[in-house]
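Down below is the structure, laid out as structure tokens.
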Amino acid sequence: KSCGYQFTEEKPQLKCVKCGSTDIDDSKRRIETLRSLASQTEFIVIGTDPDSEGEKIAWDLKNLLSGYGEIKRAEFHEVTRRAVTEALDNLRDINENLVKAQIVRRVEDRWIGFVLSQKLWKVFNDKNLSAGRAQTPVLGWIISQAKEHKEKRRIAYIKDLDLTIEDFPANASTLVKLKISLLKEKTEEKQPLPPYTTNSLLRDANKILKISVKECMELAQDLFETGLITYHRTDSTHVSDMGLRIAKNYLGSDFSARKWESEGAHECIRPTRALDSIQIQRLIQEGVIFAENIRNRHLALYDLIFRRFMASQCKPYLAKVNLYEITFNGKKILDERVIDASGRAIQLYKWTTQLRKPLPLGYHEVNAEVRVIPKVPLFSQSDVIAMMKEKGIGRPSTYATILDKLFLRRYIFEKRSKIIPTSRGVKIYNYLSNKYSSLVSEERTRLLEEKMDAVERGEMPYLKALAELYEEIKGIT
């Protein structure tokens with residue numbers, strides 16, 4: 332428990348082979364308990380999480396309990412009576428392709444991670460270092476952003492107009508002369524944002540609620556296990572028929588059904604009832620909903636999920652958009668701003684669009700505040716999650732883990748909600764990218780993710796994927 336290291340060695344006195352701690356979480360007792368329970372029945376149902384990680388755990392359990400009775404797999408995406416009953420009515424066998432994909436992922440993580448980590452231990456004489464195919468390119472993004480952050484640019488900010496002038500001349504007066512013209516004024520219908528996936532939830536929870544991606548996943552896990560939200564490790568925005576019924580029940584005449592994506596293995600992250608956070612809190616206090624571990628932080632996250640989902644099923648909202656032309660120092664600047672918005676979607680989820688005040692037309696002399704600022708901002712946790720999704724690195728189940736590992740190894744730290752690389756992190760990244768770029772590059776990692784997805788779909792034999800990887804690992808010196 333002290334260092335998080337996993338091992339399988341069995342000794343008379345259990346002791347961590349890495350840190351020497353005797354505070355061990357041993358799975359042997361759990362296995363013995365499960366086998367004892369299995370011996371008392373002829374039919375066993377395994378209901379682990381509905382993803383490839385959960386499928387692999389189900390496969391492991393089936394192997395541990397084989398011989399005790401018939402074993403089937405139940406898959407449900409929300410912990411509700413309806414979902415569990417439906418899963419029990421549709422029991423299935425273990426999906427071998429999902430298991431094989433997870434085996435490839437785990438073997439690959441250990442082969443690359445273990446071999447490269449040992450190299451780091453030897454070169455830097457420090458066993459607290461680690462490397463991985465996903466965490467290394469992510470560390471590289473953070474270092475690159477921090478490097479660019481040191482470069483400066485000069486801007487002028489006019490507070491009264493909420494206006495920023497980029498590349499402000501060094502010799503220009505701070506008393507700025509402007510001409511503002513209205514080029515276009517329109518009112519348009521805008522679609523609400525889709526419901527949450529893992530990456531968009533992590534992004535908003537960090538940006539809006541100021542909670543870390545690690546805490547967000549822990550809170551979401553509690554909400555899922557309590558039966559308040561659907562499964563939270565998903566990259567799909569699909570809404571099931573049940574989700575549509577819940578939204579219709581809550582929204583009434585404001586409802587506008589949207590499936591968002593075609594049906595797949597997963598659904599979006601949504602509430603399991605047509606109850607907002609205030610109603611949920613009251614029902615918990617009254618004992619109608621049993622939720623022993625749900626605290627205010629959980630309810631804040633639930634509120635975010637609830638609002639985003641309900642807004643996604645609202646009718647389009649109306650936005651008043653003005654396009655201005657601003658003439659300054661012989662240059663023309665275009666500024667489009669939403670100055671007003673109305674509709675149930677906006678009322679529910681106010682972060683859909685940023686409202687700005689209209690600009691006064693004509694000629695103006697205004698005082699500007701000249702600032703020399705970084706060329707780019709430092710990354711926040713939400714920015715890194717967005718990059719991981721955009722670049723195809725990581726999966727819903729690993730986004731938070733990858734970032735947490737970089738914090739744990741002290742390759743990065745956080746200051747005022749911004750991520751800064753440490754000298755240790757820069758040193759490790761430079762070594763890995765110079766010596767083993769073919770194994771830890773962004774492109775290599777993305778292609779490997781695609782290969783594992785192909786195994787999951789049954790389009791590529793998993794032994795072939797492992798053989799190709801092994802050939803690369805053999806080349807490490």
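Residues in the sequence shown are numbered consecutively from 332, following my numbering. The beta-carbon is built from N, C-alpha and C at its ideal position, and this holds for glycine as well. Owing to the predicted nature of the structure, the values given are computational and were not obtained by experimental measurement.
1) Of the choices ASP735, VAL771 and GLU696, whose alpha-carbon is the least far from that of LYS508?
2) So, for TYR730: in the same chain, excluding its five sequence neighbours on each side, which residues have a beta-carbon less than 7 Å away from its beta-carbon?
3) How is GLU773 classed by DSSP in three states: helix, strand or coil?
4) Report yes or no: do three or more beta-carbon pairs, one from the region 445-464 and one from the region 411-425, lie closer than 8 Å?
5) Quick check: the Cα distance between ILE489 and ILE577, rounded to an integer number of angstroms?
6) Between ILE388 and ALA405, is the Cβ-Cβ spacing less than 8 Å?
7) Contact between the region 696-716 and the region 471-488 is defined here as three or more beta-carbon pairs at a separation below 8 Å; is this criterion met?
8) On the three-state DSSP scale, how would you describe LYS541?
9) Helix, strand or coil for ASP391 per DSSP?
10) Taking its Cβ as the centre, do 16 or more other Cβ atoms sit within 10 Å of GLU302, making it buried, or is it exposed?
11) Does DSSP classify PHE659 as helix, strand or coil?
12) So, is VAL469 buried or exposed, given that buried needs 16 or more other C-beta atoms within 10 angstroms?
13) Taking the straight line between their C-alpha atoms, what separation do you get for LEU575 and LEU559?
14) If we ignore side chains and look at the alpha-carbon of each, how far apart do LEU665 and ASP714 end up?
15) Quick one: grab the DSSP three-state call for CYS350.
16) Out of ARG687, PHE640, ASP784 and TYR762, state which residue places its alpha-carbon closest to the alpha-carbon of PRO523.
17) Measure the Cβ-Cβ separation of LYS646 and SER608 and say whether it is below 8 Å.
18) Below 8 Å, can you find three or more Cβ-Cβ pairs linking the region 611-629 to the region 495-509?
19) On a CA-only basis, which of GLY583, ASP572, ASP535 and GLY463 is nearest ASP634? Give me that one, please.
20) Exposed or buried, what is ASN537 when buried is set at 16 or more other beta-carbons lying within 10 Å of its beta-carbon?
21) Classify TYR802: buried if its beta carbon has 16 or more other beta carbons within 10 angstroms, exposed otherwise.
22) Let me make sure I understand the geometry here. Which of SER567, ASN459, GLU549 and THR557 has the alpha-carbon closest to that of PHE738?
23) What is the DSSP secondary structure of PRO381, counted as helix, strand or coil?
24) Is it buried or exposed for GLU520, if we count other Cβ within 10 angstroms and need 16 for buried?
25) What's the call for SER504, buried or exposed, on a 16-neighbour Cβ count within 10 Å?
26) Inspect the CB distances between the region 427-434 and the region 782-790 and report whether three or more fall short of 8 Å.
27) From THR753 to LYS746, what does the alpha carbon distance come to, in whole angstroms?
28) What's the call for ALA798, buried or exposed, on a 16-neighbour Cβ count within 10 Å?
29) Can you list the beta strand (DSSP E) stretches of 3 or more residues lying completely in the region 478-543, in chain order?
30) Taking all protein chains shown into account, do 16 or more other C-beta atoms lie within 10 angstroms of the C-beta of GLN828, making it buried, or fewer, making it exposed?
31) Tell me the residue span of the alpha helix (DSSP H) that contains ILE355.
32) Considering Cα atoms alone, identify which of SER643, LYS510, VAL435 and LYS749 is closest to GLU527.
33) To which residues of the same chain is PHE555 closer than 8 Å at the C-beta, ignoring the five residues directly before and after it?
34) Among GLY398, GLU546 and ILE670, which has the Cα closest to the Cα of ALA650?
35) Taking the straight line between their C-alpha atoms, what separation do you get for GLU386 and LYS403?
Straight from the coordinates:
1) GLU696
2) THR529, ASN530, LEU533, VAL544, ILE716 and MET719
3) helix
4) no
5) 46 Å
6) no
7) yes
8) coil
9) helix
10) Residue 302 lies beyond the range of the chain shown here (332 to 808); nothing can be said about it.
11) strand
12) buried
13) 16 Å
14) 26 Å
15) coil
16) PHE640
17) no
18) no
19) ASP535
20) buried
21) The sequence given here places Glu at residue 802; Tyr does not occur at that position. Result: exposed.
22) ASN459
23) coil
24) exposed
25) exposed
26) yes
27) 12 Å
28) exposed
29) 483-489, 494-496 and 506-521
30) Lying outside 332 to 808, the shown extent of the chain, residue 828 is not represented and no answer is given.
31) That residue, ILE355, is in no alpha helix (DSSP H); it is neither H nor E in DSSP.
32) According to the sequence as given, residue 527 is Tyr; it is not Glu. For the residues SER643, LYS510, VAL435 and LYS749, the minimum Cα distance to TYR527 belongs to SER643.
33) GLU409, VAL410, THR561, TYR562 and HIS563
34) ILE670
35) 12 Å
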